[in-house]
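Trainee:
Protein chains in written order, with full-length UniProt numbering: chain A, 1 to 684; chain B, 1 to 684.
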């Protein structure tokens, strides 16, 4: 009986032969595009080197992890975290190698924050003396650290955090104290169960001569929170994991309260902030914005990672919908015509192909953002803080745009695959659950657009005030051009000219900047009344940056083959025109697109999709995402979709080892075990 | 130490006092609206009666269920399914009471399909003789049944299913056989572990005189698949559960293969279909569409349920964002002004309040759809199939529109709550995961819009052909009006006149119907080339039905208090204008809205939101969704958000009972247990 399904094959045409044909029928070179995407940083070599080591370890097998309870899932993540670090020792991995291992295993291990926010914050905000003391312990994992900023009652509004660090001049110590329940730290990864140290943000309270205290706002302290031997919280510290979440189940996000807990003077991270222990005089950072360096770093990383996350979902969706057949062409006169590939339907293309284009756009955007961050960081190290405001604005706007695109895009891909997209074989379930943290963490995607818009208003104000001076930078140039020409009718040939597409985005973004500037600066409208316009303004500028970066990236590759370039340009056009279509009325109203063009958009978009369709499989192949990372029956590179779905169900699913007792009058749940409802209740 | 957090309170203002103030400050009556929504069907009385019984049973406690492994989660669901049925016996519950219990426990139990698709299909498609035999066994649960239609390789295209039912004239039996792997049944709920019977859709193959077989398409058979004693699959049947999915982890969705499995002549459901066992002559249903009755029923139910699902998410989002404070007003001159409620920000309102309006719209739409279905069903029982095409079209278009609105809306609500929306305390995680099945099941939301559009094209063709005859029905009247007036300029006062809002939707929907009719019928465009237009056409008409139904429902309530009516009308306006805004260009292009109106929309929408804001808490209260169903710290009716979040983390989270060993060089995972990676691997 077991033999029967073993001998069955899927109906024809089968997945492997379909993908083979798809790959042959497109003349673009997967290798050429892969090199174009990754050549600059050795990504592909690193990926294959690390992957081959991971594949040898049974602990990294993903086949059963979705079956586990939260506790077992977490234990597995701890074990994996340890093993990755051991592999790092054995193979002398660089930090980039170490990160690659996590990317491929595809889960935030409970050690994640130690090597990320904790280490980065010490690097950026600790004095040299503090670094000398802490960094060796951090690198060796002798201590495990976390970053504790967010509280139960306050996230985005960092100034509102309630945890107090009262300076006790007599003892020369700070007293950490949580005055309310909402002052409890909350969400802090790696801290719930794993870390014994943390960078803790607390409101610094300094005594006044009169005996009262004055707040100097949130400052960063490095604090030991658990005993190094017993790993139990120290007296005066209450910590725990906050429980199951949407995703991130392998992370021990924490709550933490302090009850008059004393820490030494040396706990204050003092690269920028100083408290004179003798005089009690506190010196604030030269530029308060400097302490947000690690957050800007994290945002830059998030933008950079958005492209690969979306590319994964698109890879699965393209391969599966190229293989999946559904319905004959109802207009076909050939009675023997087979069913059509799902990807041939415009209703499927419109969901997947613009996202394929978006994955490319996010790649270039992420790279540009990353380079921009490292330039700004370099300047800061040199004491030049000028680029920081622009960087902060750009990172806010792009973080909001890119993570929303990816989060929504993964789900669109999942739904585009119909029923099997809902199944575990899609490989998109954990990706979706985990990725949905991104639109919220490190600055909620709606909230942070204010930061970007605020900077843009300042820039427009500057442009208006210096209209006849030469442009200070690219944004200023765009704004001045707009101001000078805004009453002159001009048209943008968005259907026939790529430069005009970019110019159209520039025009619309400038139009909105001018409008918002007028509302806020000229008409003095209340900030909270124009939040919706501020959000749109930020989005428009982030879109402009993305579209222009996409176009410029293709044009700065002189040795790209003409066919490849044309296909990638089609992707650029598809992305840009899809955005224009979704905001048609705003483009029309600002004069960035004409009714004639807008009326023709749907046909043009459908034409571009038809152009791109034959290359879709090769385009996703060029992302070079390993099957191990995809962990998807639907997205397998060999196309064995149905064999794998059946394998996972019939051979790997442990539920099928149990025979249930369906008789509702019988307490027994699993036949022959006698286990009843009480047995289940005891596990809860 | 334990005492410390027990004595802490959240910072002021606290949740309970905020909700009390919100409730006092709105003059609309929760009771009045609740009665208006539910009075017609005794919903509220049933809810409180069933709820009070469920609350007594520890098995229905939801506090730990997110912690369980898939297997334990499934066992729990089996135990709950049995208990609900026993409660039904004890308390003599009606079918509506039984459904209410499932709604409140909020999970599809593994018995779900037995009482839904299985029972319904037998009721609708079995002959009287078959019903006499099967229904008593079904009602008593002596047998447990499922519905097996979808296959690994075919879902929406039912005609393409591969499972064969070959008629063996000599033995007087059908032979069920799966010729390929893709012929495996797939997704069939209740079948993977629980059912011993199933309605099985198979391609009926009848022998021809020449010895070959001819297919008569998919027919329904009732088949025993497991032994009633051992509960093991019968010889020749291979069944199992397909494994973890996005949601629905309490359901045993099945795969099932047959290896030349014989079933008697009486297995063919024969209310409409007959096979003469003597002559081998097969009579098809009079109207083939009749066999899709149960699917239309399911779609009607799905539309009906969409409103309550969205209302749950909106209830949580409104209460939490009314309580949550974030940032002071940056334009406030009062240095002591507190932080603002998140719900006071237009950027939060724009995400939640249109969904509050949508939840009301879906309620009225679902009710109208339900009534319409029961009228059509009644007509069919009388042998009148006339309403079926319209019903099928309406159910397709509305299923697509409403489930997409709800699925997307739940996620928008979740994200609107920032960090805590990602946490388990939101109460939206399982709701989201489970609900995401709805845009795909029972007809993928993109695919089925063709069915609705196809009917609309026929209707437009009819209207064009009978222009001077009196209108046949409401759609015909709208179409004829449009055809006659389409060259006459007219304006719709969408900002000032409610009837004009409806007329604007009617105009745009008719415009698109005419355009698509012209493409397909006059220009003979290929169906697959105009799929995007077909999708839009279906959406527009479903939106029109929803908007008109909303408006008509309010106007058919003569005894509603003026204030309540005005607030509900504001919700109607907000919903309608939000849709118009999101499709501004289409409304403009069709002449359904003018640039002047469209330019004024954002301000009008913001104005309406400000009007509705003070009533938001009372409006969601009027849905009367019990705290037990919400299972949400954020959405609690008493406002104890932070106390509950902390309680769940600090007192209920079992992970906090374990002390981990963070030393990466030590194999031990949990301190003192010695459990290492091998221990975890053994569970996988």
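Beta carbons are placed, not taken as given, at the ideal position from N, Cα and C, and that holds for glycine.
Keep in mind the model is a prediction, meaning the values are calculated, not measured.
#1: In the DSSP assignment, what residue or residues form a beta bridge with residue 167 of chain B?
#2: Between the region 627–654 of chain A and chain B, which residues of the former have CB atoms less than 8 angstroms from a CB of the latter, in chain order?
#3: Mind reading off the beta-carbon distance from residue 255 of chain B to residue 152 of chain B? Whole number of angstroms is fine, and I expect it under 8 angstroms.
#4: Find the residues of chain B that neighbour residue 93 of chain A, judging by a C-beta separation of less than 7 angstroms, and give them in chain order.
#5: Counting contacts by CB-CB distance shorter than 9 angstroms, is residue 106 of chain B in contact with chain A?
#6: Contact criterion: CB-CB distance below 9 angstroms. Does residue 698 of chain B meet it with respect to chain A?
#7: Run through the DSSP bridge pairs and tell me what residue 240 of chain A is partnered with.
#8: Compute the distance between the beta-carbons of residue 329 of chain B and residue 526 of chain A, then report whether it is under 9 angstroms.
#9: Say whether the region 168–179 of chain B touches the region 262–279 of chain B, bearing in mind that this needs 3 or more beta-carbon pairs closer than 8 angstroms, one atom from each stretch.
#10: For residue 666 of chain A, collect the residues of the same chain with a Cβ closer than 6 angstroms to its Cβ; drop the 5 residues on either side in sequence, then sort them by chain order.
#11: Since residue 10 of chain B contacts residue 181 of chain A with CB under 8 angstroms, what's their CB separation in whole angstroms?
#12: To the nearest angstrom, how far is the alpha carbon of residue 62 of chain A from that of residue 150 of chain B?
#13: Taking C-beta to C-beta, are residue 377 of chain A and residue 297 of chain A nearer than 9 angstroms?
#14: Mind reading off the beta-carbon distance from residue 427 of chain A to residue 601 of chain A? Whole number of angstroms is fine, and I expect it under 8 angstroms.
#15: Express the C-alpha separation of residue 43 of chain A and residue 697 of chain B in angstroms, rounding to a whole number.
#16: If you measure from the beta carbon of residue 195 of chain B to each beta carbon in chain A, is any gap under 9 angstroms?
#17: Measure from the alpha carbon of residue 303 of chain B to the alpha carbon of each residue in B/317, B/80, B/406, B/327, then state which is nearest.
#18: Determine, using beta-carbon pairs with one atom in the region 66–76 of chain B and one in the region 88–106 of chain B, whether at least three such pairs fall under 8 angstroms.
#19: Is it the case that the Cβ atoms of residue 441 of chain B and residue 419 of chain A are separated by a distance below 9 angstroms?
#20: Buried or exposed: where does residue 402 of chain A fall if 16 or more other Cβ atoms within 10 Å of its Cβ makes it buried?
#21: Taking any Cβ of chain A, which residues in the region 337–353 of chain B have a Cβ under 8 angstroms from it, in chain order?
#22: Say whether chain B places a C-beta atom closer than 9 angstroms to the C-beta of residue 232 of chain A.
#23: Taking residue 484 of chain A as part of the alpha helix (DSSP H), name the residues at either end of that continuous run.
#24: Got a sec, what are the start and stop residues for the beta strand (DSSP E) residue 217 of chain B sits in?
#25: Opposite residue 198 of chain A in the DSSP bridges: which residues?
#26: With distances taken Cα to Cα, identify the nearest neighbour of residue 408 of chain B among B/432, B/393, B/399.
#27: DSSP state of residue 325 of chain A, grouped into three classes?
#28: Is the region 475–486 of chain A close to the region 500–510 of chain A, with three or more CB pairs under 8 angstroms?
#29: Compare the C-beta of residue 1 of chain A with all C-beta atoms of chain B and state if any pair is closer than 9 angstroms.
#30: Do three or more CB pairs link the region 654–669 of chain A to the region 339–352 of chain A at distances below 8 angstroms?
#31: Please report the distance separating the alpha-carbon of residue 28 of chain B from that of residue 346 of chain B.
#32: Looking at the C-beta of residue 26 of chain B, does it have a partner C-beta in chain A at a distance below 9 angstroms?
#33: In chain A, which residues lie less than 9 angstroms from residue 132 of chain B when you measure between Cβ atoms?
#34: Sorted by chain position, which residues of the same chain lie with C-beta nearer than 7 angstroms to residue 300 of chain B's C-beta, five sequence neighbours on each side aside?
#35: Taking the CB atoms as reference points, tell me whether residue 236 of chain A and residue 649 of chain B lie closer together than 9 angstroms.
#36: Could you compute how far the alpha carbon of residue 559 of chain A sits from the alpha carbon of residue 32 of chain A?
Mentor: On the basis of the data shown:
#1: Here residue 167 of chain B is taken as the residue at index 167 of the second chain, counted from 1. For residue 167 of chain B, which the question treats as bridged, DSSP gives the partners B/174.
#2: Those would be 642, 643, 645, 646, 648, 649, 650, 652, 653, 654, in chain order.
#3: On the second chain, position 255 is the one that residue 255 of chain B refers to. On the second chain, position 152 is the one that residue 152 of chain B refers to. Yes, they are in contact, since the Cβ atoms of residue 255 of chain B and residue 152 of chain B sit about 7 angstroms apart, within 8 angstroms.
#4: The residue you call residue 93 of chain A lines up with position 93 of the first chain. Taking the beta carbon of residue 93 of chain A as reference, no residue of chain B falls within 7 angstroms; the closest one sits roughly 13 angstroms away.
#5: Position 106 of the second chain, counting from 1, holds the residue named residue 106 of chain B. No, residue 106 of chain B does not count as interfacial toward chain A.
#6: Nothing can be reported for residue 698 of chain B: it is not among the residues displayed for chain B, which extend from 1 to 684.
#7: On the first chain, residue 240 of chain A is found 240 positions in, with the first residue counted as 1. Per DSSP, A/255.
#8: Looking up residue 329 of chain B in the second chain gives position 329. Looking up residue 526 of chain A in the first chain gives position 526. Taking the C-beta atoms as reference points, residue 526 of chain A is found nearer than 9 angstroms to residue 329 of chain B.
#9: Yes: the two stretches touch, three or more of their Cβ pairs being nearer than 8 angstroms.
#10: Within the first chain, numbered from 1, the residue matching residue 666 of chain A stands at position 666. Excluding five sequence positions before and after residue 666 of chain A, none of the CB atoms of its chain fall closer than 6 angstroms to its own CB.
#11: Translated into the one-based positions of the second chain, residue 10 of chain B becomes position 10. Translated into the one-based positions of the first chain, residue 181 of chain A becomes position 181. Yes, residue 10 of chain B and residue 181 of chain A are in contact; Cβ-Cβ is about 5 angstroms, under 8 angstroms.
#12: What you label residue 62 of chain A is simply residue 62 of the first chain in a count that begins at 1. What you label residue 150 of chain B is simply residue 150 of the second chain in a count that begins at 1. C-alpha separation (whole angstroms): 28 angstroms.
#13: Numbered from its first residue, the first chain carries residue 377 of chain A at position 377. Numbered from its first residue, the first chain carries residue 297 of chain A at position 297. It is a contact, given that the beta carbons lie within the stated cut-off.
#14: For the purposes of this step, residue 427 of chain A is identified with residue 427 of the first chain, where counting begins at 1. For the purposes of this step, residue 601 of chain A is identified with residue 601 of the first chain, where counting begins at 1. The C-beta distance from residue 427 of chain A to residue 601 of chain A rounds to 33 angstroms, too long to meet the 8 angstroms contact threshold.
#15: Only positions 1 to 684 of chain B appear in this structure, which leaves residue 697 of chain B out of reach.
#16: Residue numbering aside, residue 195 of chain B sits at position 195 when the second chain is read from its first letter. Output row for residue 195 of chain B: interface = yes.
#17: Locating residue 303 of chain B in the second chain gives position 303, where the first residue counts as 1. Selected option, being the one with the closest Cα: B/406.
#18: No: fewer than three Cβ pairs fall under 8 angstroms.
#19: Walking along the second chain from the start, residue 441 of chain B turns up at place 441. Walking along the first chain from the start, residue 419 of chain A turns up at place 419. A distance below 9 angstroms separates the beta carbons of residue 441 of chain B and residue 419 of chain A.
#20: Residue 402 of chain A sits at position 402 when you count from the first residue of the first chain. Answer is buried; the Cβ neighbour count reaches 16.
#21: Within the region 337–353 of chain B, 339, 340, 344, 345, 346, 347, 348, 350, 351 place their CB atoms closer than 8 angstroms to a CB of chain A, listed in sequence order.
#22: Locating residue 232 of chain A in the first chain gives position 232, counting from the first residue. Yes, residue 232 of chain A counts as interfacial toward chain B.
#23: Taking the first residue of the first chain as position 1, residue 484 of chain A is located at position 484. Per DSSP, residue 484 of chain A belongs to the alpha helix (DSSP H) from 474–485.
#24: To locate residue 217 of chain B, count along the second chain from 1; it is residue 217. For residue 217 of chain B, the enclosing beta strand (DSSP E) starts and ends at 213–224.
#25: Numbered from its first residue, the first chain carries residue 198 of chain A at position 198. DSSP output for residue 198 of chain A lists A/146, A/223 as bridge partner(s).
#26: Along the second chain, one-based indexing puts residue 408 of chain B at 408. Minimum Cα distance to residue 408 of chain B is reached at B/432.
#27: As a position in the first chain, residue 325 of chain A is number 325, starting the count at 1. DSSP places residue 325 of chain A in strand when its eight states are reduced to three.
#28: At 8 angstroms Cβ cutoff, the stretches touch.
#29: As a first step, residue 1 of chain A is located in the first chain; it is residue number 1 there, counting from the start. Note on residue 1 of chain A: pLDDT 45, under 50, position unreliable in the model; the coordinate value appears next. Residue 1 of chain A counts as touching chain B.
#30: These segments do not touch.
#31: Residue numbering aside, residue 28 of chain B sits at position 28 when the second chain is read from its first letter. Residue numbering aside, residue 346 of chain B sits at position 346 when the second chain is read from its first letter. Note on geometry: alpha-carbon atoms of residue 28 of chain B and residue 346 of chain B lie some 22 angstroms from one another.
#32: Taking the second chain and counting its residues from 1, one reaches residue 26 of chain B at position 26. Residue 26 of chain B does not count as touching chain A.
#33: Residue mapping note: residue 132 of chain B aligns to position 132 of the second chain, counting from 1. Correct list: empty, because the minimum Cβ distance to chain A is about 23 angstroms.
#34: Here residue 300 of chain B refers to the residue found at position 300 of the second chain. Same-chain partners within the cutoff: 369, 370, 373, 395.
#35: Residue mapping note: residue 236 of chain A aligns to position 236 of the first chain, counting from 1. Residue mapping note: residue 649 of chain B aligns to position 649 of the second chain, counting from 1. Contact flag unset, no.
#36: For the purposes of this step, residue 559 of chain A is identified with residue 559 of the first chain, where counting begins at 1. For the purposes of this step, residue 32 of chain A is identified with residue 32 of the first chain, where counting begins at 1. Here the C-alpha atom of residue 559 of chain A lies approximately 10 angstroms from the C-alpha atom of residue 32 of chain A.
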